[in-house]
Amino acid sequence: MAYRLGVDVGGTFTDLLLFNDADGRFWRHKTPSTPHDSSEGILNGVNAICDKAGIAPSQVEFFLHGTTVATNAVLEGKGARVGLVTTQGYRQVMQIARSFVPGGLAGWIVWPKPEPLAALQDTVEIAGRIDAEGREVSPIDEAQIRRVLTELRDAGIQALTVSLINAYLNGEHERRVGELAAEIMPDVPLSLSHEVLPEMQEYERTLTTVANASMRPVVGRYVRNLRDKLRGAGMKGSLSLLRSDGGLMSSEKSELHPVNLLMSGPAGGVTGAIWVGRNAGIKNILTLDVGGTSTDVALIENLDARRQRTTEVGHLSVRASALDVKTVGAGGGSIAYVPELTKALRVGPQSAGAVPGPVCYQKGGTQPTVTDANVVLGYLPENLLGGSFKLDREGAKRAVQTIADALGIGLMEAARGIIDIVNENMFGALRMISVQQGYDPRDFALMGFGGAGPLHVNAVARLMGSWPAISPVSPGVLCALGDATTRMRTETARSFSRRVADTSEDAVIALLEEMAGQTRAELRAEGIADADITSLFELDVRYEGQAFEVPLAIDPALLRQDGLAGVTARFDTEHQRLFTFKMDTAHELVNLRAVAMGPALELPAPPLAKSDGHVARAKIRDHELWDGTRMVPAVIYDRARLLADDVIPGPAIVVEMDSTTLIEAGCVGTVDHVGNILINLA
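Under the UniProt record's numbering, the first residue of the sequence shown carries the number 1, and numbering increases by one thereafter.
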């Protein structure tokens, strides 16, 4: 029997989901993350979940993993020291950057310019030049290249980037520099810009390649260490990592191209939500993935997640396809505090994380967090993880009381204030991906997952007007489910830069077909049969004279049928939706991309038995919770005992191993045929 294991490492917990491909049975497990070395927590979880399923790790055929290692390396500034080789006259490319200053009107006064990932003293110039048509204008000087590479090696660089002018059209010069670098510094990982991002715009191409180089030593160490430990535990199956765009890449390829892993962590939740939506028959979904440290939100239209061409982490914005996920520092572990200056309650972005964690976890935490406020209000019962995890309500009350005292209000009002603020932060992030992109949130359902998502999904749905609010099956490990149910994906790009009117349609299609052949060959090398590979094309289009392009994904058959006229018509519609206008100007094709995807995993969700009409069978006990003005009676239910079509009137709490769902007063939860709880206004 084939087993596949999805593993998602978060800031607080490591989630695992083991799937039996033959009969659809699955097992889930949560274990505390080990920030000093994530592979320890992963290995603890692997052994525990294999014990639960009664199998040996050697029976796991596919190990699928979403990771935040690359993201954290960027956020914490722990990337490698990068040496950069540029064309003569381009040494300051990273320092000049783009003249874009974030922030309000006075942003330029208070904005500290981030340090470039490749320092000026580690940047060298070489002779030689390729022109804008890809022809050699002047040759490279190998003696000079050997000299500058030796200087960089002796300076102690840990990774090397080669980014030469117009290399996206002709990579010969870069390739030769790479061959010489392999001789002179064989142990230093190398990134060539025409391989990492063969697109025009020198700065973006250089920045993306430098970012890739800076992450290679960190991600390479992590992946090799994890692979060695898993092999040591007897796991012989393939190890794949989740890309930022929601596809999978082999662990070997992730060592070469870690820039594609920057949004690996949040992508798992989005792919998991698509799987749930497909099984539940819900096509338009806003996702609310609430972890211990942060909340990630994304928009899924017609069971397809919005993608973007840039990945943003902290100050870094690189050209790499990613799901359009927005992150805010609002999670279960977010710390509440009252600044001395303003005397106004603030929540996050600082988090208590896995260590020491919220006060109620009794692991040494002292500062009040969102989780503590949920415990005080009665939204989170004291017995968690099936009773194996006891929360300290009195400790939580003492912590939240410090906020109440600072504000001069009652304990319950202070706790509710903390929850209202964190919900408002989530609401703000959801508006960014819906209203600000031209979507009406009332046309979408809101799906809450992650450890704390189902606790907040009802309240946030009220703010958004997005119904039903969905608490999916196993919400706490949905990211791991996404990792386990996604498909292999690879892409290649090429800059084109012509007016559509002056372009031969056949030439564009021939070029895309050639690129598609290249991506399909990559997947065949991973052992995927050609018949199981799907190809997609992406074209970046803009109006002539614009500086920004809009990416459009298009099916090859549709492109052949409608031609470039169909592409420009789609661009006009999308431009109108994004910016509320379209123009009569000529259209330009900017970049072409070919995407190849492996087979989609058709894993059906096991159906639930039909309800007998008596939801009381799932009742654990009576309970009290705060409804905004007073404590009101509520009921706690056990999710494992709920059946299809059960109706749960609010206020109620549904507990399970990995999460807790809150149904507010004035709302009602209905269990669907596969076990999701759909919450609507009563």
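Idealized CB from N, CA, C, for every residue including glycine. Since this is a predicted model, take the numbers as computed values, not measurements.
Item                                                                                                         : Value
Alpha-carbon to alpha-carbon, L262 and T311                                                                  : 7 Å
Own chain, CB closer than 6 Å to P349, minus 5 neighbours either side, in chain order                        : G329
Y3: first and last residue of the uninterrupted beta strand (DSSP E) it sits in                              : 3-9
Rounded straight-line distance, which links the Cα of R442 to that of G666                                   : 19 Å
Contact under 7 Å by Cβ, residue 693 with A48                                                                : A question about residue 693 goes unanswered here, because the residues of the chain that appear run from 1 up to 682.
CB-CB length for M597 against G247, believed under 8 Å                                                       : 7 Å
C-beta atoms of I470 and M488 nearer than 7 Å                                                                : no
Any beta strand (DSSP E) of 3 or more consecutive residues that is wholly inside the region 557-642          : 587-597, 619-626, 631-638
Helix, strand or coil at D672 [DSSP, three-state]                                                            : coil
Element boundaries [beta strand (DSSP E), containing H257]                                                   : It is not in any beta strand (DSSP E) - H257 carries neither H nor E in the DSSP assignment.
Distance between F427 and R224 (C-alpha atoms, nearest Å)                                                    : 39 Å
Residue burial classification, D502 (beta-carbon count within 10 angstroms, cutoff 16)                       : exposed
Three-state secondary structure assigned by DSSP to S504                                                     : coil
C-beta contact flag for G451 and G476 at 7 Å                                                                 : yes
DSSP-derived helix/strand/coil call for K326                                                                 : strand
Whole-angstrom C-beta distance between E538 and L553, which should lie under 8 Å                             : Before going further, note that residue 553 is Ala rather than Leu in the sequence given. Going by Cβ atoms, the distance from A553 to E538 rounds to 5 Å, so yes, they are a contact pair.
Cβ pair count under 8 Å reaching 3, the region 234-248 against the region 56-64                              : yes
Residue environment, L662, which counts as buried when at least 16 other CB atoms sit within 10 Å            : buried
C-alpha distance - P381 paired with M657, whole-angstrom precision                                           : 13 Å
Cα-Cα separation, D228 to E491                                                                               : 28 Å
Cβ neighbours of E255 in the same chain (closer than 6 Å, five flanking residues each side left out)         : G220, V223
Spatially closest choice to R630 from E513, G378, R542, by CA coordinates                                    : G378
L18 - DSSP class collapsed to helix/strand/coil                                                              : strand
Beta strand (DSSP E) segment containing N170, residue limits                                                 : Taken as a continuous stretch (DSSP letters only), N170 belongs to no beta strand (DSSP E), as it is neither H nor E.
Residue burial classification, A672 (beta-carbon count within 10 angstroms, cutoff 16)                       : Per the sequence shown, the amino acid found at residue 672 is Asp instead of Ala. Buried, because 16 or more other Cβ atoms sit within 10 Å of the Cβ of D672.
Top-ranked residue by Cα proximity to Y439, from I421, M464, P454                                            : M464
Any alpha helix (DSSP H) of 4 or more consecutive residues that is wholly inside the region 138-205          : 142-155, 172-184, 193-196
Cα-Cα separation between S191 and V355, rounded to whole angstroms                                           : 36 Å
C-alpha gap between I204 and R319, whole angstroms                                                           : Checking the sequence, you will find Glu at residue 204 rather than Ile. Their backbone Cα atoms lie some 7 Å apart in a straight line.
Sequence-distant residues of the same chain with beta carbon closer than 7 Å to L303, five excluded per side : I274, G277, R278, K283
Bounding residues of the beta strand (DSSP E) (the contiguous stretch that carries S38)                      : Careful: S38 lies outside any beta strand (DSSP E), inside the alpha helix (DSSP H) at 38-53.
Three CB pairs or more closer than 8 Å across the region 505-515 and the region 27-34                        : no
M185 burial status per 10 Å Cβ neighbour count (16 or more: buried)                                          : buried
Nearest neighbour of E76, chosen from H315, R639, I677 [CA to CA]                                            : H315
Assigned exposure category for W626 - 16 Cβ within 10 Å defines buried                                       : buried
H36, buried or exposed, once every other Cβ within 10 Å from all chains shown has been counted against 16    : exposed
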